[in-house]
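Down below is the structure, laid out as C-alpha cells.
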Amino acid sequence: MSTEIKRNNNRLAQKWESSEITLAGYAAQRHIPLGGTFELTPRCNLSCKMCYIRLDKRQMEPIGRERTAAEWIGLAKEAIKAGTLNLLLTGGEPLLREDFAEIYTALTMMGFVITLNTNATLITPEILKLFKKYPPTATNVTLYGANPQTYESICGNPEAFQATIRGLEMLTEVATALEVRTTFIRDNMHELDALREIANRYTKRFGINVTVNKAVRGACSDVENCRLTPVQMFDLAEANAEYYRLLNSETESALERNMETDNHVQARVYGFNLPPKIITCLAAKSMYWITWDGKMLPCGSFVSPYTVPFEEGFQQAWDRLPALFEDLSLPEECRKCEYANGRCSNCPAILQTETGSLHRISPYICEVAKERSRRFKTE
Amino acid sequence: MRIKEGYLVREIADCHIVVPIGDRVIDFKGIMTLNDTGYFIWKCLSEDIAYAQLLSAILDEYEIDEATARADLDEFLEDARQNGVLEE
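Line by line, the protein sequences give chains D and H. Per our numbering, the very first residue in the first sequence carries number 91; after that it's consecutive. Per our numbering, the very first residue in the second sequence carries number 34; after that it's consecutive.
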C-alpha cells in the first residue's frame, strides 16, 4: 500500500470517527453493504395475529423454497467480501430451522457482528450451550404479553408465555447484549408497565414498537383489527418516555427505545442525497434484506422490486439493487403534502405494504403523520 | 506481547475494523477501529514482539521522531489493553 493511500485511509478513518455520521452512513456514501439481514425462514411456532411475515409450509410452497444451510453459508462468504459487518439473523423464528446451529456456527467464524432475533421459546440446552460458546453480539427477544392470557390472545398459545420466560432466563447465562422488545397492539396496550417490569428482570434494554403495518410477501395478518390508532400509538410511546423521564437519570433515560421514533429520526439524519432518492433511509444504500426464498430487498417491508443474490451472486445483486428504485417515486399527493418534510417518513416500503403499490396514498399513514404533527406542535 | 487469537481486522469503507470471531465475542463487544499507524502496529503484533522491536519497526516505517512514535505506540497499547485484545 502506498504512503499516499495510507495517509488517505487515515484521514478517512479520522473523518468518520470525528463526524456525527455513523459507520453506516459512511458506508452508504460508498455503496458498501454494511448491514444485512438473513431472513432464514418465514415459519414460526407462534401465530401472532399482527405478524407481517409468518407463513406456514402450505403457504410457502407456491412462493418458493427455504434456502439450504450450504446456500446461506456460501452467500455469507460473498457478503463478507462485499463488506457486510452487521448481520441480523431473523425469521419467522430462526431457531425453528433444524440446521440453525450449522448455519450459525459457520457465520460466527467469518467476521460478522451478529444480532439474533428470536421469540426465545425454542432455546434448548443444546442451543444454550452453542450460544454460551459462541454468543451473538446482540440478541433481541420478542415479548408479547405479561401473562399466558395475553399470549393466547396474540400468539394463539398461552404456554408460550412461560416458554419465553424460560428462554429469557437461559439467555442471562449468555454473554450477549440482550434486548427485550414488545410490539404493541390493542390486546397488550394496557400492559406497558408490566411488560417493562418483566423485561427489566433480564435486561435494562426494553424496546417498544407501536407501528404495525400490513403483512407482506404472501403473509396474512389481522392488522387492521388489532393495531393501535395513531392516538393510541403516540399515547403509549409518550407513557414509556415519561417513565424514563421520571427516573431522573441520564443513563436510564438513554435506554428508552421507541422503534417508531428511532427509525423516523434515523431516516431524517441519514437523508443523504444518495440514489435511490425515493428511499429516505439507508436501505439499498448501506443496508439490505434477503428473504427466506432468496430475494434481495432494501428492507424487510418491501415486496418488490428485488434482485436474486443466490442466482446472480451477492455483489451483482447488491450493485443492481438501487437502480431498480431509481425511476420510482411516491404519489404526487405525498410529495406535495405538508407533512412531507419530517412529519411523515415518506417511506415507500410502508406505502407499498399498506396499499399494495407506490401509486396510492394510505389513509392510515396520513393519520399517523397528522397525529405526529399535532403532538410535535404542542410540545 | 502479541494480539490474542480470535480477531480479524476487516477493511470496510476505507476503515480497518477489529472484529472478534467465535468465542472471542464473549470478551469483546463494540467496535475498535484502527487508523493507519494502528493497523501497522496491529500487524506487527500478530506475532510475539517486544516493545523495543515494535518501536523500532514504527521508526523504520514512518518518518517521525522517537518521542512521537513512542506516544503513538503507548496510546495504541493502552487502547488494546482496555479492549482486552493484548496478550502480555
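By construction, the Cβ of each residue, glycine as well, lies at the ideal position given by its N, Cα and C atoms.
- [ ] Identify every run of the beta strand (DSSP E) within the segment 107-153 of chain D, keeping only runs that are complete inside it and at least 3 residues long; order them along the chain.
- [x] 125-129
- [ ] Could you name the residues of chain H that residue 120 of chain D contacts, counting a contact when the two beta carbons are closer than 8 Å?
- [x] 46, 47
Task: Closer than 7 Å at the beta carbon, the chain H residues around residue 478 of chain D - done: Any question about residue 478 of chain D goes unanswered here, given that chain D covers just 91 to 469.
Task: DSSP-derived helix/strand/coil call for residue 269 of chain D - done: strand
Task: Alpha-carbon spacing of residue 446 of chain D relative to residue 301 of chain D, whole angstroms - done: 18 Å
Task: Outcome for residue 375 of chain D when other beta-carbon atoms lying within 10 angstroms are tallied against a minimum of 16 - done: buried
Open item on the list: For the pair the segment 140-156 of chain D and the segment 408-421 of chain D, tell me if three or more CB-CB distances fall below 8 Å.
Closed with: no
Open item on the list: Whether or not the segment 282-298 of chain D and the segment 253-265 of chain D are in contact is what I'm after, with contact meaning three or more pairs of Cβ atoms, one per stretch, closer than 8 Å; do they touch?
Closed with: yes
Open item on the list: Measuring alpha carbon to alpha carbon, tell me which residue in D:310, D:393, D:231, D:336 is nearest residue 298 of chain D.
Closed with: D:231
Open item on the list: If contacts are defined as beta-carbon pairs under 8 Å, then residue 135 of chain D and residue 211 of chain D qualify, I think. What distance do you get, rounded to the angstrom?
Closed with: 6 Å
Open item on the list: Any beta carbon of chain H sitting closer than 9 Å to that of residue 109 of chain D?
Closed with: Caution applies to residue 109 of chain D, whose pLDDT of 45 falls short of 50 and renders its modelled position unreliable; the model cannot decide the point.
Open item on the list: Three or more C-beta pairs under 8 Å: does that hold for the segment 163-176 of chain D against the segment 139-146 of chain D?
Closed with: no
Open item on the list: Contact criterion: CB-CB distance below 9 Å. Does residue 92 of chain H meet it with respect to chain D?
Closed with: no
- [ ] Verify whether the separation of the beta carbon atoms of residue 303 of chain D and residue 183 of chain D is less than 9 Å.
- [x] no
- [ ] Please confirm whether residue 395 of chain D and residue 414 of chain D have their CB atoms less than 9 Å apart.
- [x] yes
TODO: Given a cut-off of 9 Å, decide if residue 179 of chain D and residue 214 of chain D are closer than it, judged by their beta-carbon atoms.
DONE: no
Task: Pairwise C-alpha distance: residue 338 of chain D and residue 166 of chain D - done: 44 Å
TODO: With distances taken Cα to Cα, identify the nearest neighbour of residue 433 of chain D among D:388, D:322, D:466, D:426.
DONE: D:466
Open item on the list: Within 8 Å, do at least three Cβ pairs link the segment 232-240 of chain D to the segment 191-200 of chain D?
Closed with: no
Open item on the list: With a threshold of 9 Å between beta-carbons, can residue 198 of chain D be considered close to chain H, or not?
Closed with: yes
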